[in-house]
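Below is one structure; the comments refer to it alone.
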């Protein structure tokens, strides 16, 4: 009698096959790892502020950064921003975000057109009525001349109203087979596909086109991208627009993109978070990385596993140590990526009591089981599954942090690699 394969043996869907696009040396699609993007919220005309934020986003791990190019002053600043970033060692590709007058800005500022790695076009506001196709073509032709890719980025908030009206009228004539929401979804998909076809007819190869279709509701995003993935092989940029602040924004974006990524849909992502007042813009990069890493698609920083806490762990020591270790690892990653290749795969465990602590610590590369409420004030440490020592006294946290640093040096450092090579 045949038996079904248990669900815990299942794997993610195969990645959707897409045409790869080179964005300033970063490959998007074509089987490349899913790329993390971000966007600045500075006035691009303010060169100092924009350079500082792009550099911060790049250090945090953003592989492509988008900047707003909305007026002459912004366009004139772009080559200065590019030059300054290059001098600082930040070779991250810059994407120009154009609305309404992108065709004019690119024509009037050829240095801007050259400095950008990609142009973002919104077919809903690139032009209206008779001017729409002409102005869209102007940007595409500029991309062809400068050998740049484009992202055709449809947004439900600026959707092509003529196309939407045509589809609404057709739906009415057919007896309202679709809901208004379904018609809107179809209009978004068609807007992206029609624009991509037009770009190819002008002469832009498919290997220079990325598509996106941004909406603000989770179910709409899943439906739109699922359909878009069926009807094209273009590289796809995922993002939930207007996701919101705090936990709501993180949960909504992660839920929508997690489902699509699990189905193999998506070649690059941006998690758009509204920063808290005075908040850190790099938070969106961190969340994107954590989503991809949690799902097992990429490794960015070492994982710190920690128990959630319960009545046996009234002390906050394990929480404070887990946070300190995670912060230390993330802060050091820009240097460690170069110094310790492979360190991204490190797993650290910081557990709060003896019930599950020792067992779970053994499964990490290096782990510690701290004493819970009423337990003996000692903390066994496990390295590569074996207990190596027990830490005691007020310096447990400091001692364990040093052990983590020593483990990284011994396992991933150049001296260790030379020993392995010689052996």
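Residue numbers (our numbering): 22 to 444. In this text, a Cβ means the ideal position worked out from N, Cα and C, and glycines have one as well. The structure displayed is predicted, hence computed values, not measured ones.
Of the residues the options, the one placed nearest residue i, counting alpha carbons only
i: residue 366; options: 326, 339, 125, 391; result: 326
i: residue 171; options: 221, 66, 343; result: 221
i: residue 357; options: 433, 102, 269; result: 433
i: residue 141; options: 166, 131, 177, 157; result: 157
i: residue 177; options: 161, 168, 203, 196; result: 203
i: residue 287; options: 127, 268, 261; result: 261
i: residue 226; options: 254, 240, 199; result: 254
i: residue 245; options: 213, 231, 263; result: 213
i: residue 182; options: 425, 114, 338, 208; result: 208
i: residue 94; options: 435, 194, 133, 73; result: 133
Contacting residues, own chain, Cβ-Cβ under 8 Å from residue i (five flanking each side not counted)
i: residue 406; result: 383, 384
i: residue 319; result: 54, 55, 310, 313
i: residue 22; result: Note that residue 22 scores a pLDDT of 44, beneath 50, so its modelled location is shaky and nothing firm can be said.
i: residue 201; result: 189
i: residue 70; result: 63, 64
i: residue 35; result: 285
i: residue 30; result: Because residue 30 carries a pLDDT of 49, less than 50, the predicted location of this residue cannot be relied on, and no value is offered for it.
i: residue 211; result: 184, 188
Residue i versus residue j: straight-line alpha-carbon distance, rounded
i: residue 26; j: residue 379; result: Unreliable positioning characterises residue 26 in this predicted model, as indicated by a pLDDT of 48, which lies under 50. The coordinate reading is nonetheless provided below. Looking at the two C-alpha atoms, the distance is approximately 32 Å.
i: residue 441; j: residue 404; result: Any answer about residue 441 is weak, because its pLDDT of 47 lies below 50 and its placement is not dependable; what the coordinates show is given next. Each residue's Cα considered, the two are about 19 Å apart.
i: residue 280; j: residue 164; result: 33 Å
i: residue 206; j: residue 188; result: 11 Å
i: residue 24; j: residue 316; result: Reliability of the predicted coordinates at residue 24 is poor, the pLDDT of 48 falling under 50, and no value is obtained from them.
i: residue 427; j: residue 80; result: 24 Å
i: residue 104; j: residue 302; result: 22 Å
i: residue 349; j: residue 409; result: 23 Å
i: residue 174; j: residue 147; result: 11 Å
i: residue 130; j: residue 108; result: 22 Å
i: residue 228; j: residue 168; result: 11 Å
i: residue 2; j: residue 155; result: There is simply no residue 2 to check, as the chain begins at 22 and stops at 444 in what is shown.
i: residue 361; j: residue 415; result: 30 Å
Close-in-space but distant-in-sequence residues of the same chain around residue i (CB under 7 Å, 5 per side omitted)
i: residue 59; result: 78, 83, 86, 291, 305, 306
C-beta contact flag for residue i and residue j at 8 Å
i: residue 390; j: residue 372; result: yes
i: residue 257; j: residue 250; result: yes
i: residue 265; j: residue 276; result: no
i: residue 503; j: residue 418; result: Residue 503 falls outside the range modelled here, since the chain spans only 22 to 444, and no answer is possible.
i: residue 41; j: residue 138; result: no
Sequence-distant residues of its chain with Cβ nearer than 6 Å to residue i (five each side left out)
i: residue 421; result: 389
Entirely within the segment 146-213 and at least 3 residues each: give me those beta strand (DSSP E) ranges in chain order. 171-176
Curious, which full-length beta strand (DSSP E) runs of at least 3 residues does the segment 267-355 contain? 324-327
Run through the segment 358-427 for me and flag every whole alpha helix (DSSP H) of 4 or more residues, listed as ranges in chain order. 378-384
For the segment 45-101, which segments carrying the alpha helix (DSSP H) assignment without a break, of at least 4 residues, lie completely within its bounds, in sequence order? 68-81
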